[in-house]
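Notes for the one structure printed next.
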Amino acid sequence: MTELGPVAWPPAPIRTERLVLRESEARDRAAFIELHSSAEVHTYLGGPRPRDELEREVPEVPGRRPGTFVVDLDGAMIGQIQLVREPEHHRPAAAGKVDLGYLFLPRVWGFGYAAEACAAALDWFDSVFPGEPVVLATQTANVASMRLVAKLGFTEVERFHAWDAEQWLGMRSPATPSD
Ligand SMILES: CC(C)(COP(=O)(O)OP(=O)(O)OC[C@H]1O[C@@H](n2cnc3c(N)ncnc32)[C@H](O)[C@@H]1OP(=O)(O)O)[C@@H](O)C(=O)NCCC(=O)NCCS
1 MTELGPVAWP PAPIRTERLV LRESEARDRA AFIELHSSAE VHTYLGGPRP
51 RDELEREVPE VPGRRPGTFV VDLDGAMIGQ IQLVREPEHH RPAAAGKVDL
101 GYLFLPRVWG FGYAAEACAA ALDWFDSVFP GEPVVLATQT ANVASMRLVA
151 KLGFTEVERF HAWDAEQWLG MRSPATPSD
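141 is the number that full-length UniProt numbering gives to position 141 of the sequence shown; each next residue is one higher, with no gaps.
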């Protein structure tokens, strides 16, 4: 359909033990603005966007694009997961591949929600794009993110310097039938 590739979007909501991954709705707008204006969330992401700018510019239904899941806990948005194909990725090893990104509200860090939600999103990806790898870039200083990528099965492709920091590019290859 779009950047992600030939896939029907949105899929039916994905249920995990504690969470639901679903398309965004108008009721997510406040959490979306909170997430994108949080200095804590953006410590390793180049800084947050100003809240007043987000209040003006975020559409009534925020973040509706193929590959973007809202992560819902007990009926409220706690985070966002994005799977985006990057034809122009600045690292040649990642060009044309789908890139995983994740942002969770600080009050829910430390409960395993990010790992649970990202694993479910990757399972969905494997089911619709069998055999395709997924890439991910994160700062090495982002310790929580580095732990998460290891749990999700990403392995290092390269480290590089960009945006005044050391960056880590990882790749996750899907399980093969013999695994
Ligand atoms: C990166 C980020 C998503 C990680 O969130 P997180 O909550 O630390 O990650 P997890 O879901 O893996 O949970 C971590 C901890 O919860 C604990 N936990 C508590 N209850 C748990 C449960 N029931 N199941 C699993 N883990 C549980 C685990 O011990 C785990 O700690 P560990 O990594 O030491 O084992 C979060 O820090 C964030 O949103 N950061 C800002 C955005 C960002 O930097 N994104 C990177 C973009 S590339």
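Every residue gets a Cβ at the ideal spot worked out from N, C-alpha and C, and that includes glycine.
For residue 172, the enclosing beta strand (DSSP E) has its first and last residue at 165-172. The C-beta separation of residue 51 from residue 33 comes to about 7 Å, placing the pair in contact by the 8 Å criterion. By the C-beta criterion, the segment 34-54 is judged to be in contact with the segment 139-152, since at least 3 inter-stretch pairs fall below 8 Å.
For residue 161, the enclosing beta strand (DSSP E) starts and ends at 155-162. At the C-beta level, residue 152 and residue 119 come within 8 Å of one another.
For residue 29, the number of other beta carbons within 10 angstroms of its own is at least 16, and it is reported as buried. As the crow flies, the alpha-carbon of residue 96 is around 5 Å from that of residue 86. Scanning its chain for C-beta atoms nearer than 6 Å, with the 5 sequence neighbours on each side dropped, one finds around residue 36 the residues 49 and 54, in chain order. CA-CA distance, residue 103 to residue 92, rounds to 25 Å.
Separation of the CB atoms of residue 4 and residue 66 is rounded to 5 Å, and the pair is thereby assigned contact status at 8 Å.
Distances from the CA of residue 172 to each of 149, 117 and 165 were compared; the closest alpha carbon is that of 149.
Look at residue 70: its beta carbon is at least 7 Å from all of the heavy atoms in ligand 1.
For residue 97, the shortest C-beta to heavy atom distance toward ligand 1 is 7 Å or greater. Shortest gap from the CB of residue 20 to any heavy atom of ligand 1: 7 Å or more. By the beta-carbon neighbour count (other beta carbons within 10 angstroms, threshold 16), residue 24 is buried. Excluding five sequence positions before and after residue 167, the CB atoms of its chain that fall closer than 8 Å to its own CB belong to 137, 138, 139, 140, 159, 160 and 161, given in chain order.
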